[in-house]
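Heads up: the sequence shown begins at 68 in the working numbering, then just goes up one per residue.
Have a look at the structure below before the remarks.
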Amino acid sequence: MTLEVLREIRETEEKAENIIEKARIEAQNIIDDARQEADELFRKEQDEAQKSGERRRKEIIEDAKKEAEGIKQDAERRIQEIAIIPEKKINEAVTAIVSRVRKDANT
Numbered sequence: 068m069t070l071e072v073l074r075e076i077r078e079t080e081e082k083a084e085n086i087i088e089k090a091r092i093e094a095q096n097i098i099d100d101a102r103q104e105a106d107e108l109f110r111k112e113q114d115e116a117q118k119s120g121e122r123r124r125k126e127i128i129e130d131a132k133k134e135a136e137g138i139k140q141d142a143e144r145r146i147q148e149i150a151i152i153p154e155k156k157i158n159e160a161v162t163a164i165v166s167r168v169r170k171d172a173n174t
């Protein structure tokens, strides 16, 4: 009977060791799966952040182009306005000279 009890104890110990080993393997599998999922999630988030950054960069470039175009148009308008001033001054000068010449010619 003692031998039988010892055998049962040994079998129970072996079963316990098997259960512990299976639990250890299962725990490692869970950890590996969690790491894999975390890595995948990180990659997805990183890709999304990169795409979001790229979209934002494009928006900023578009806004800058629009602003630059507005500045360019404003500058062209001002150049045209400034170009008119010398023409007016030349016309006024010619009119003044012609008037002066006529006045001097009449005297």
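Each residue gets a CB set at the ideal place from its N, CA and C atoms; glycine is no exception.
Just so you know, the alpha carbons of residue 114 and residue 106 end up roughly 12 Å apart. The C-alpha of residue 146 is placed about 27 Å away from the C-alpha of residue 164.
Distance from the CA of residue 153 to the CA of residue 170, rounded to the nearest whole angstrom, comes to 25 Å.
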